[in-house]
Structure formats: C-alpha cells, structure tokens
Amino acid sequence: PENPCRSQVPVGLGLAFANHYNATPGKPMQVAIACYGDGAANQGQIWESANMASLWKLPMIFCIENNHYGMGTSIDRHSSHSDYYKMGNHIPGVRMDGMNVLAVKEGMRFVKDYVGQGNGPMYVEMMTYRYHGHSMSDPGTTYRNREEIALTRSTRDPLEFVKKTLIEAGFADAEQIKETEKRIRKEVAEQVKQAKSSSPPTIEPHLFQYVYSKDGGKEQNEFPPHVRMPDFAKSKWY
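Per our numbering, the sequence shown runs over residues 1315 to 1552.
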C-alpha cells in the first residue's frame, strides 16, 4: 500500500523534471520542494527519487522536517544516520533551525538559487519540534518527558522568537504585539463560529471546481472532462 508520509516525494520529482524540461536556457529554473518527516527519511521511494534527481541534475529540494521523534520513535532508535542533511551522499545538504523564521527564509533563499541555477538537487534538514502527540491517541509523553517539552517551548518557541525579535529591533512594543494577538484570536473565533454554523458543502459543484485552470485565475475554472467516482455509474462527464 502507498504511504502518504513519502508518496509526495516522487510527485515532487516529476514537477522538478517538468521544470527542467520547460526551462528557458540562460534563466533560473523553477524548483520543486518535497517535504517529509524524519520518520519517512529512510523509505525507498525517497532514495530512488534522490538518485534520479542527482543523475539528471533536476531542480529538486528534499526537505526533511526533523522533529526528532517521527510518529513516536526517537531518531536514535529508527535511523542509523541522524544527520539527515548528509543523507544525499554526494548531493549537498544544509541544516537549518526550522523554529527560526529568519533562518528558514534566508536559508531557503540560498537553496532555491543554488538549485534553480542548474546545480542539481539539495537536501535541507529543518530542525523542528512538536509539543503534542502525533495523533489523538498519542499523549506525546511515552517516548520523552514533560521537562524536555517545557524546555523546548521556553527556549525555542518560534512565535516567542518572533515577538522577542520584533521588540528588540524596535519594530513593535509588547503592547502592540498583545493587541495584534487579541485581534487575530477574535478573527479566528469568528471564523470557527461561522464554519460550525454553516451547512456541509454539497458534492456538486464543489468537488469538481478549480481542478483545472488555464492561467491560475479563479475566473478561469475548467471542469475536468471526466471524474471517476467509486461507483462508476455515478461518474461525471463534462
């Protein structure tokens, strides 16, 4: 069976191939980014995609979101190589602080430029963390302790980093940030209330709208010529 934790990587490779194929000589190529977690980093389709990307020098970025525990197993227990940015062998790699928006912005600017110039693929390891369990059935504390979670939240929280940076740089003060947070929470609460009070969307036409578009514009919606439904008798032709 297909694994949704890795199946997007070969699809990303296909996009990278298309970008390479359609590139204008002498101009930077569009790049493709495939994101996956540390738990999926050793799965076969990724290695196959990396080999093809390197062989054909495709503009592909392999982005590993390393939260250190996958779905609930420490990287020390499920991977013989814990420096994920080095996993591409001769494919160059870089490690970034995924909890730091500025580091990610500037780091990805460099990676995009490098890959888009025809140098081939690159591995990117985003060092990140999740405070909660992987799912509703995961308390998140059976493979780590609460002290570790609290320490990470107090020292590496991405939102707190942004607040602190804004204040230290003089772009905002604590009161302005507080007011912004209040406004955003109010907007979110209003949207949640509206969503809960709304009726479920109908299958038609919402399921089939904006599957194709001539130029990406909302008014250029095209229905696909055929949509295959689980019950073939209910399939749609346009």
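Ideal Cβ placement from N, Cα and C applies to all residues, glycine included.
Neighbourhood of residue i by C-beta, 6 Å cutoff - its chain only, sequence neighbours within 5 removed
{"i": "P1330", "result": "In the sequence as displayed, the identity of residue 1330 is Ala instead of Pro. Answer for A1330: A1346, L1372, P1373 and M1374, listed in chain order."}
{"i": "G1430", "result": "P1342, M1343, V1345 and P1373"}
{"i": "G1279", "result": "A query on residue 1279 cannot be resolved here, the shown segment of the chain reaching from 1315 to 1552 and no further."}
{"i": "Y1398", "result": "A1355, I1378, N1380 and E1439"}
Alpha-carbon spacing of residue i relative to residue j, whole angstroms
{"i": "M1440", "j": "C1377", "result": "7 Å"}
{"i": "I1463", "j": "Y1445", "result": "6 Å"}
{"i": "L1359", "j": "S1321", "result": "Here residue 1359 turns out to be Gln, not Leu, going by the sequence shown. Q1359 and S1321: Cα-Cα distance of roughly 7 Å."}
{"i": "N1459", "j": "V1438", "result": "28 Å"}
{"i": "G1484", "j": "F1475", "result": "14 Å"}
{"i": "P1406", "j": "P1515", "result": "46 Å"}
{"i": "E1518", "j": "N1414", "result": "42 Å"}
{"i": "Q1508", "j": "E1493", "result": "23 Å"}
{"i": "A1503", "j": "K1496", "result": "11 Å"}
{"i": "K1550", "j": "R1409", "result": "47 Å"}
{"i": "D1471", "j": "F1546", "result": "49 Å"}
{"i": "G1402", "j": "Y1428", "result": "16 Å"}
{"i": "H1404", "j": "G1421", "result": "20 Å"}
{"i": "A1486", "j": "R1423", "result": "26 Å"}
{"i": "T1455", "j": "G1447", "result": "8 Å"}
{"i": "V1418", "j": "K1477", "result": "17 Å"}
{"i": "E1482", "j": "Q1523", "result": "46 Å"}
Residue burial classification, residue i (beta-carbon count within 10 angstroms, cutoff 16)
{"i": "V1425", "result": "buried"}
{"i": "N1336", "result": "exposed"}
{"i": "A1364", "result": "buried"}
{"i": "A1367", "result": "buried"}
{"i": "P1544", "result": "exposed"}
{"i": "P1435", "result": "buried"}
{"i": "N1381", "result": "buried"}
Sequence-distant residues of the same chain with beta carbon closer than 8 Å to residue i, five excluded per side
{"i": "E1379", "result": "C1349, Y1350, G1351, D1352, G1412, M1440 and T1442"}
{"i": "E1362", "result": "P1324"}
{"i": "Y1457", "result": "Y1383, G1386, T1387 and S1388"}
{"i": "T1466", "result": "Y1443 and Y1445"}
Counterpart residues of residue i in DSSP-defined beta bridges
{"i": "Y1552", "result": "Bridge partners of Y1552: none, in fact."}
{"i": "G1351", "result": "E1379"}
Give the list of continuous beta strand (DSSP E) stretches no shorter than 3 residues that lie fully inside the segment 1367-1445.
Runs found: 1374-1380, 1407-1411 and 1436-1441.
Of all the alpha helix (DSSP H) runs that stay within the bounds of the segment 1468-1529, which reach a length of 4 or more residues?
Runs found: 1472-1483 and 1488-1511.
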